[in-house]
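J.: In order, the protein sequences belong to chains D and G. Each number in the working numbering corresponds to the 1-based position in the first sequence with 798 added. Each number in the working numbering corresponds to the 1-based position in the second sequence with 798 added. Sharing a structure below in structure tokens format, with a few things to ask.
There are 2 protein chains.
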Amino acid sequence: MRATDLRIIKTKSALKEALTNLLKKKALNSISVTEICRLANVNRGTFYSHYGQVGDLFEEFFRDLMTDLTDSYLEPYKHVQILQTDELNPDTIRIFHHIEKNSEFYRIVFSESVPISYYYLLFHHVQELIKNDMHLHGETGVDAAMLSAYQANAILGVVIEWSRQNFRQSAAELSGILVRILNFQFRGMKARPGDNGSPAGQPGLSGTGEHE
Amino acid sequence: MRATDLRIIKTKSALKEALTNLLKKKALNSISVTEICRLANVNRGTFYSHYGQVGDLFEEFFRDLMTDLTDSYLEPYKHVQILQTDELNPDTIRIFHHIEKNSEFYRIVFSESVPISYYYLLFHHVQELIKNDMHLHGETGVDAAMLSAYQANAILGVVIEWSRQNFRQSAAELSGILVRILNFQFRGMKARPGDNGSPAGQPGLSGTGEHE
DNA sequence: ACTTTTATTATACAAGTGTCCATTAAAAAG
DNA sequence: CTTTTTAATGGACACTTGTATAATAAAAGT
């Protein structure tokens, strides 16, 4: 069962193409294996020799996106030194751009009757990105799994709300909103004369600022 | 179709009882309508006259829990005046106790192949609780929907991680972990002599402290 | 080009799904 | 207690699901 067998490649891409087309017209959870195979001209038994269910086929799209997300995430931290909560460059939060770019896809991931497993894929991916980032900045004294879970899901909360509002804001606007949220959380410490010490960078995002 | 018709009450409770028993032995997504009806001695057509799918029956359990969650949530804010990020009474965060008490149920809600809609029910409920709480404390200058989404999902991120670790910590321990996370986020502003001003209460939770 | 390997097909099966309708029986209304 | 209302039943329908197996055909290996 070499993965390079031409027959396998042909079958799989036919199935993916069929699913892509069906997703333009109906919800993921209402698409049947039979339907995909009919459209792809592939025997139903062949489908089951490659995938267990419709979702497994959909998941293959997901893997590619997660790679792109990694790239989107790492970018802003190249400029982490110049970040100030007050003047965060809206373009910095690339994660919103990544989602905006693929909003067609994320619309499905966040839709009601889809299994939560896709959300978990996204969540765990962001969590890992944050956790890796934390290690770069040394020990925090806080349970790393819990802290990263808190921070990752906080961002995704904003994204969920964004998708619930049909992605009507631009990614740049979303970044602005996030900045205001972070500022609000830290409102106790700013605007205090003679107290201009770097206020923990982007704690809402990775929690790993540039100080200490 | 008065909701008080004895036949309806009898049928519905028989179906619920059957589902409850089945859930002790197998996953929600692997339980069929046929199976429930067989166990409940209810005609399959009768099931469909009340519910559209197995999930709709499960959702009825959920409604009750959300009421209990409201009670659990409101409790700690009766003591909000005495809250300090440094010495937050672990018992204060009742939401963890609520989940611990019903962990049997939440284990299902957070399990992989279940639809994300249940998570949304929980998320939106917590979001509303936080939003109401925000209004009590006046305008924030931040998009209320986005801020509450951020804060609600942050807490749920910790809960997801908790369930992923099979709820091995106690609710009290979880509260302690949350306190440490919040302290970490605010580490830039504490231990600064002569700067003992209430540090924004519980921003990670509701973001509405007691100052201003 | 020929042989070997194996992915794909056609077909069949038992089981579940969602929907419909005529019949039955239990509850509500008088 | 009798009548009226309507929930529940039993049976049937076309359809999807997941699995299995022998036959076919396309690719890989020599």
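Where a beta carbon is used, it is the ideal one built from N, C-alpha and C, also for glycine.
Indicate whether at least one CB of chain G lies closer than 8 Å to the CB of Asp941 (chain D).
T.: Here residue 941 (chain D) refers to the residue found at position 143 when the first sequence is read from its first residue. For Asp941 (chain D), the answer is yes, since a Cβ of chain G falls inside 8 Å of its Cβ.
J.: Relative to the C-alpha of Glu959 (chain D), which candidate in G:Leu821, G:Arg962, G:Asp941 has its C-alpha closest?
T.: As a first step, residue 959 (chain D) must be located in the first sequence, where it is residue number 161. The shortest C-alpha separation from Glu959 (chain D) is found at G:Asp941.
J.: Grab me the residues of Tyr849 (chain D)'s own chain with a C-beta within less than 7 Å of its C-beta, minus the 5 sequence neighbours each way, in chain order.
T.: Taking the first residue of the first sequence as position 1, residue 849 (chain D) is located at position 51. Result list for Tyr849 (chain D): Leu855, in chain order.
J.: What does a CB cutoff of less than 6 Å around Ile953 (chain D) pick up in its chain, not counting 5 residues either side in sequence?
T.: Along the first sequence, one-based indexing puts residue 953 (chain D) at 155. Closer than 6 Å at Cβ, skipping near neighbours: no residue.
J.: Going along the chain, which residues of its own chain have a beta-carbon closer than 7 Å to the beta-carbon of Phe860 (chain G), five neighbours each way excluded?
T.: Position 62 of the second sequence, counted from the start, is the residue given in the question as residue 860 (chain G). Same-chain partners within the cutoff: Tyr916, Leu919.
J.: Are the stretch 894-906 of chain G and the stretch 894-910 of chain D in contact at 8 Å, needing three or more beta carbon pairs?
T.: Judged by Cβ distances under 8 Å, the stretch 894-906 of chain G makes no contact with the stretch 894-910 of chain D, as fewer than three pairs qualify.
J.: For Val957 (chain G), collect the residues of the same chain with a Cβ closer than 7 Å to its Cβ; drop the 5 residues on either side in sequence, then sort them by chain order.
T.: As a position in the second sequence, residue 957 (chain G) is number 159, starting the count at 1. Once the five neighbours on either side are set aside, the close Cβ partners of Val957 (chain G) are Ile897.
J.: Can you give the Cα-Cα distance for Gly992 (chain D) and Glu937 (chain G), rounded to whole angstroms?
T.: For the purposes of this step, residue 992 (chain D) is taken as the residue at position 194 of the first sequence. For the purposes of this step, residue 937 (chain G) is taken as the residue at position 139 of the second sequence. At Gly992 (chain D), the pLDDT of 36 sits below 50, so the modelled position is not reliable; the number obtained from the coordinates is stated separately. Spanning the two alpha carbons is a distance of roughly 27 Å.
J.: Please classify Tyr948 (chain D) as buried or exposed, where buried requires at least 16 other C-beta atoms within 10 Å of its C-beta.
T.: Working through the first sequence from its first residue, we reach residue 948 (chain D) at position 150. Result: buried.
J.: Can you pull the chain G neighbours of Gly955 (chain D), defined as C-beta to C-beta under 7 Å?
T.: Counting from 1 along the first sequence, the entry for residue 955 (chain D) is found at position 157. Within chain G, the residues near Gly955 (chain D) are Ala947, Tyr948, Ala950, Asn951, Ala952.
J.: Can the beta-carbon of Ile979 (chain G) be found closer than 8 Å to that of Ala950 (chain G)?
T.: Translated into positions along the second sequence, residue 979 (chain G) becomes position 181. Translated into positions along the second sequence, residue 950 (chain G) becomes position 152. Contact: no.
J.: How is the alpha helix (DSSP H) around His933 (chain G) delimited, first residue to last?
T.: Taking the first residue of the second sequence as position 1, residue 933 (chain G) is located at position 135. 915-934 is the span of the alpha helix (DSSP H), which, as asked, contains His933 (chain G).
J.: Could you confirm whether any beta carbon from chain G is found closer than 8 Å to the beta carbon of Ser811 (chain D)?
T.: Within the first sequence, residue 811 (chain D) is the residue found at index 13, counting from 1. Chain G contact via Cβ: absent.
J.: Quick check on the DSSP output: the alpha helix (DSSP H) that includes Thr844 (chain G) runs from which residue to which?
T.: As a first step, residue 844 (chain G) is located in the second sequence; it is residue number 46 there, counting from the start. Note, Thr844 (chain G): alpha helix (DSSP H), 842-848.
J.: Could one say the Cβ of Phe845 (chain D) lies closer than 8 Å to chain G's Cβ atoms, at least one of them?
T.: Position 47 of the first sequence holds residue 845 (chain D). Phe845 (chain D) does not count as touching chain G.
J.: Closest Cβ-Cβ distance between Phe921 (chain D) and chain G: below 8 Å?
T.: By one-based count along the first sequence, residue 921 (chain D) stands at place 123. Closer than 8 Å to some Cβ of chain G, the Cβ of Phe921 (chain D) qualifies, so yes.
J.: Find the nearest neighbour of Asn839 (chain D) within the set D:Arg966, D:His922, D:Leu820, D:Ala816, judged by alpha-carbon distance.
T.: As a first step, residue 839 (chain D) is located in the first sequence; it is residue number 41 there, counting from the start. Looking at the Cα atoms, D:Ala816 is the closest of the given residues.
J.: Do you know how far the Cα of Tyr904 (chain D) is from the Cα of Arg962 (chain D)?
T.: Locating residue 962 (chain D) in the first sequence gives position 164, counting from the first residue. Locating residue 904 (chain D) in the first sequence gives position 106, counting from the first residue. Cα to Cα, the separation comes out at about 11 Å.
J.: In angstroms with no decimal places, state the Cα-to-Cα distance between Ile807 (chain G) and Leu813 (chain G).
T.: Translated into the one-based positions of the second sequence, residue 807 (chain G) becomes position 9. Translated into the one-based positions of the second sequence, residue 813 (chain G) becomes position 15. Cα-Cα distance, rounded: 10 Å.
J.: Just to confirm the assignment, what range does the alpha helix (DSSP H) spanning Ile958 (chain D) have?
T.: Start at 1 with the first residue of the first sequence, and residue 958 (chain D) comes out as number 160. Unbroken alpha helix (DSSP H) run through Ile958 (chain D): 942-962.
J.: For the candidate residues G:Leu821, G:Leu804, G:Ser811, whose alpha-carbon lies nearest to that of Val912 (chain G)?
T.: By one-based count along the second sequence, residue 912 (chain G) stands at place 114. Looking at the Cα atoms, G:Leu821 is the closest of the given residues.
J.: In terms of residues, what are the limits of the alpha helix (DSSP H) holding Ala825 (chain D)?
T.: To locate residue 825 (chain D), count along the first sequence from 1; it is residue 27. First-last for Ala825 (chain D): undefined, no H or E at that position.
J.: Looking at Ile914 (chain D): is its Cβ nearer than 8 Å to the Cβ of Glu910 (chain G)?
T.: One-based indexing of the first sequence puts residue 914 (chain D) at position 116. One-based indexing of the second sequence puts residue 910 (chain G) at position 112. Result yes, Cβ atoms of Ile914 (chain D) and Glu910 (chain G) sit closer than 8 Å.
J.: For the alpha helix (DSSP H) containing Arg892 (chain G), list its first residue and its last residue.
T.: The count along the second sequence starts at 1 and reaches residue 892 (chain G) at position 94. Looking at the DSSP string, the run of the alpha helix (DSSP H) that includes Arg892 (chain G) is 892-899.
J.: Could you check which residue in G:Phe965, G:Gly939, G:Gln925, G:Thr868 has the C-alpha nearest to that of Phe908 (chain G)?
T.: Counting from one through the second sequence, the residue named residue 908 (chain G) turns up at place 110. Nearest C-alpha to Phe908 (chain G): G:Phe965.
J.: At what residues does the alpha helix (DSSP H) containing Glu815 (chain D) begin and finish?
T.: In the first sequence, the residue the question calls residue 815 (chain D) occupies position 17. Element bounds for Glu815 (chain D): 804-821.
J.: Go to Thr938 (chain D), then tell me how far its alpha helix (DSSP H) extends in each direction, as first and last residue.
T.: The residue labelled residue 938 (chain D) in the question sits at position 140 within the first sequence. That residue, Thr938 (chain D), is in no alpha helix (DSSP H); it is neither H nor E in DSSP.
J.: Spell out whether any CB of chain G is found under 8 Å from the CB atom of Ile806 (chain D).
T.: If you number the first sequence from 1, residue 806 (chain D) lands on position 8. Chain G, which has no Cβ nearer than 8 Å to the Cβ of Ile806 (chain D), makes this no.
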